[in-house]
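Those letters in the sequence shown? Residues -5 to 663, per the working numbering, in order.
For reference, the structure discussed in these notes is given below.
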Amino acid sequence: MNKHFTRRRFLGTAAAALPALGGAITGLPALAQDSREALGTKQGEPTFGGVHPLQTLMEQHPAPLRAELNGVHPRVFTTAAGLEQLRQRARGSHRAIWEKALAGLVAMHAEPEASPAQTRRAQNTVGIGMVGAALAYKIEGGQRYLERAKHYMDAAVSYPVWGYTYSKPDIDLAAGHLLYGMGTAYDLLFDVLTVEERTRYREKLVRQARILAAHFMPKPGKSYSYSQNHCFIPIAGLAVAAYAVFDEVPEAASWAALSRAIFTRVLAVASPDGYFYEGVEYWIFSMPWIVHALDAFAHAAGDDMYDLPALRKAHLYMAHSITPNGQDIFDFGDAFEGPVTRSRVGHEPDRTHPNGKLHSNYNLLYRLAQRFGDAEAQGVAAWMQSLGHVCAEDFWSLQWYDDKLAAAPMSAIAPHHHFDDLGTVYWRSDWTSKATAFAFRAGPPEGHHAAALIAKMPDWHLSMGHSHPDAGSFILFGGGSYLTGPKGYAGVPSSKISNTLLVDGQGQANEGGGHDAFAGYPYARLDSIRITKLTLGKDHADIVADLTGAYRPELGVERLERRFSFARGAWTTTDTLRASKPVVLTAQVHGDRDIKQLAERSFVVEGRPSALKVEARGKNMQAVVEPGLVVSAGPPGNVDKGPKQQRGNVLRMSLPAGKQATLVTSMKF
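Dropping the structure here:
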């Protein structure tokens, strides 16, 4: 594409023997959303004038295919010369990594689901499966890999809708997975496909890319949820598809330009502290697509977009998010299903912890370590690998792992960290499995940086359903046990499912109205939630947070402060309230199992192997132990319509109604 590729052109081109896999890929979140959430795009009135920002970006940075790659395959992620280097790695330095990847190829162990493939996550798996088999064929040369790759590609061609017929068909997550899968496999296998096969696969790829591109093309009044995975996952697939057929389909140039423009915004809104606001499970699910898109831009277009604080610090987020036992997480936001997941009973742990090991996609850190020459990131990946963690796409480790880059020991990373943009603090006594650890949150759902960006980016709308109304909440780990924390992914997030405070029995922001508890709530008010004092030491911590802005003004909260301290092996919260009218202040401590009362103000949250002792102090304090009820996730498009589910129990400690209140809670294992 040259400088004469005009805006008009951009807009004009937009217009059998194996078991069924079903949801075989592990570690993926419950992909369901509230029908009221504006995911991906939202069409409104043209309230911002002039040329749409994405149109401007498309013209400034069209990201065309590198001239030397025209007519060449493969080219999206590697070349023929690159493949030869990968073959040498597979036989030498990376042999163990590659053999592990080959053993885990989903396409070699399971059948793709038959059309229309409406089982949750089934099509996602097909997309990933064909890439693994195609790459295996190019490295190993075995005919069986080629046949399985084409079998998966044929399955994708047979699907009349890429995605769910009843929720965002052809424009959502599954479409992104299959565009990536078909585009990558088509590119890798181009020279061994027959003319008929190339035509059939290309026509399906182009059909689906056209539909998705038309949906995402900018027009007056259209805004995008740039920070939300339902925006950037489909677009990552579109980018790969664009470069796979760039010189065969003229309009692919506009797909590449659109994808690059959207990712410019995706990266611009990412938190600079490296924290992933949608939660750990969504980092695991979403980060592959950021890496795949950036790799496609870097290799196919020579347009490296990696160098951002959000990506340079991503390893710190994952390191601190893993609990000392190495297999659970500090699960803020929509992350797994709390006690259900930690019980390792039922179907959910099969998805999140295959064979008891966390599906963490740690090999993404290989790529970040490689790109940044970062020994710390390499060290975190090595640590996660040593814990037996699982990756969905082990096969990319052949390309991502830099065996010449030394891995820093975990001891080189400070055992405590403050993600200051998201207001989240992690602390642990050390990096061993015997460590005592905690995490504490007190910040706006998308970080403080978002408050300034919103006004500057009228084409960005917030969609924060995966973030919970949990300001002031904490998660504790000690004695080898996850002692207390939130209830996990919820169809209707609520402050009642986290270790935070209630005012007159009500929680934060606009909870209760659907999956997005922050919809319609002023972000400037959320931005006032912040950590005002912080001291972190080798054996102690002291955090003071202002939570006032988390609560609706009509609740009458004039000042609500939570002080969270750790010293001498015990945690203490001191909650101080001032209100314009008498209100009831309630503190909460959740448990995965039973919670028993030992005395009037003394309780024990049962656990294995350790339990948490809780004591409360406050004038006329009353306590109650109740079932920990959660509105679980409903079907795609109706996440808020799921059934109520009990996930453990909760201790609620309340003071009588008053305009001023102080409640102190002490906890130790």
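All C-beta atoms in this analysis are idealised placements derived from N, C-alpha and C, irrespective of residue type, glycine included.
Being a predicted model, the structure only gives us computed values, none of them experimental.
Could you have a look at residue i and say whether DSSP puts it in helix, strand or coil?
| i | result |
| --- | --- |
| GLY121 | helix |
| LYS450 | helix |
| GLN137 | helix |
| ASP569 | strand |
| PRO576 | strand |
| GLU62 | helix |
| ILE525 | strand |
| VAL263 | helix |
| THR258 | helix |
| THR193 | helix |
| ARG3 | Any reading at ARG3 must be qualified, since the residue scores a pLDDT of 33, below 50, and its modelled position is unreliable; no value is offered. |
| SER405 | helix |
| MET458 | coil |
| THR478 | strand |
| PHE434 | strand |
| ALA484 | coil |
| TYR146 | helix |
| ILE589 | strand |
| HIS341 | coil |
Less than 8 Å between C-beta atoms, sequence neighbours within five positions excluded: which residues of the same chain meet that for residue i?
| i | result |
| --- | --- |
| LYS635 | GLY485, GLY628 and PRO629 |
| SER677 | Outside the modelled stretch of the chain, which goes from -5 to 663, sits residue 677, for which no answer is possible. |
| LYS575 | GLY550 and LYS653 |
Considering only the alpha carbon of each residue, which of the options lies closest to residue i?
| i | options | result |
| --- | --- | --- |
| LEU399 | TRP425, TRP390, HIS383 and PHE366 | PHE366 |
| ALA402 | HIS411, ALA376 and LEU392 | ALA376 |
| GLY136 | LEU96, LYS653, SER152 and LEU592 | LEU96 |
| ALA295 | GLY76, PRO637, ARG519 and ALA57 | ALA57 |
| GLN54 | THR258, ALA573, LEU199 and GLY65 | THR258 |
| ARG690 | LYS94, SER315 and TYR158 | The chain is shown only over -5 to 663; residue 690 falls outside these bounds and no answer can be derived. |
| PHE558 | ARG435, VAL577 and GLN654 | ARG435 |
| GLY215 | ALA236, ASP533 and MET451 | MET451 |
| ARG192 | GLN202, ALA203 and ALA179 | ALA179 |
Only counting the same chain, and skipping five residues up and downstream in sequence, which positions put a Cβ closer than 7 Å to that of residue i?
| i | result |
| --- | --- |
| SER265 | TYR271, ALA304, ASP415, LEU416, GLY441 and HIS443 |
| SER457 | GLU31, ALA32, LEU33, SER219, GLN222 and ASP510 |
| GLU505 | PRO463, PRO487, SER488, SER489 and ALA511 |
| ARG182 | It is Leu, not Arg, that sits at residue 182 in the sequence shown. So the qualifying residues of the chain are PRO68, ALA128, LEU129 and LYS132. |
| PHE331 | The question names Phe, but residue 331 is Glu in the sequence shown. Excluding residues within five positions, the ones whose Cβ falls inside 7 Å are GLU342, GLY482, TYR483 and ARG641. |
| ALA518 | ALA445 |
| VAL618 | ARG646 |
| GLU594 | none |
| ALA18 | Caution applies to ALA18, whose pLDDT of 35 falls short of 50 and renders its modelled position unreliable; the model cannot decide the point. |
| ILE278 | GLY21, HIS353, SER354 and ASN355 |
| ALA564 | SER660, MET661 and LYS662 |
| ALA24 | With a pLDDT of 40 at ALA24, under the threshold of 50, the modelled position of this residue cannot be trusted, and the question is left open. |
Which residues bound the beta strand (DSSP E) around residue i?
| i | result |
| --- | --- |
| PHE558 | 551 to 561 |
| SER660 | 652 to 662 |
| GLN37 | 35 to 37 |
| HIS534 | 534 to 540 |
| VAL497 | 495 to 497 |
| TRP421 | 418 to 422 |
| SER315 | Premise fails: SER315 lies in the alpha helix (DSSP H), 308 to 315, not in any beta strand (DSSP E). |
| ARG546 | Here ARG546 belongs to no beta strand (DSSP E), and DSSP marks it neither H nor E. |
| PHE279 | Run containing PHE279: none in the beta strand (DSSP E); it sits in the alpha helix (DSSP H), 274 to 294. |
Got a sec, what are the start and stop residues for the alpha helix (DSSP H) residue i sits in?
| i | result |
| --- | --- |
| TRP377 | 369 to 380 |
| MET52 | 47 to 54 |
| LEU623 | Counting along the chain, LEU623 falls outside any alpha helix (DSSP H), though it belongs to the beta strand (DSSP E) covering 616 to 625. |
| ASN223 | 223 to 238 |
| LEU399 | Taken as a continuous stretch (DSSP letters only), LEU399 belongs to no alpha helix (DSSP H), as it is neither H nor E. |
| LEU362 | 357 to 366 |
| GLU93 | 89 to 97 |
Quick one, are the C-beta atoms of residue i and residue j less than 7 Å apart?
| i | j | result |
| --- | --- | --- |
| GLY327 | SER461 | yes |
| VAL384 | LYS351 | yes |
| GLU275 | ALA308 | no |
| ILE256 | ILE229 | yes |
| ALA431 | PRO318 | yes |
| ALA116 | GLU107 | yes |
| ASN493 | HIS411 | no |
| VAL644 | GLY622 | yes |
| ASP521 | THR529 | no |
| TRP664 | ASP164 | Residue 664 cannot be examined here, being either before or after the span of the chain that is shown, -5 to 663. |
| GLN49 | PRO244 | no |
Tell me which same chain residues have a C-beta within less than 6 Å of the C-beta of residue i, skipping the five on either side of it?
| i | result |
| --- | --- |
| ILE671 | In the structure as shown, the chain starts at -5 and stops at 663, and residue 671 therefore has no counterpart that could be examined. |
| PHE71 | ASP289 and HIS293 |
| SER280 | ASN223 |
Cβ of residue i less than 7 Å from any chain D Cβ?
| i | result |
| --- | --- |
| SER457 | Absence of chain D from the displayed structure is noted, only one protein chain being present. |
For a test of your reading of the model: does the CB of residue i fall under 6 Å from any non-hydrogen atom of the ligand GTP? Yes or no.
| i | result |
| --- | --- |
| ARG562 | This structure lacks the ligand GTP, and indeed carries no ligand of any kind. |
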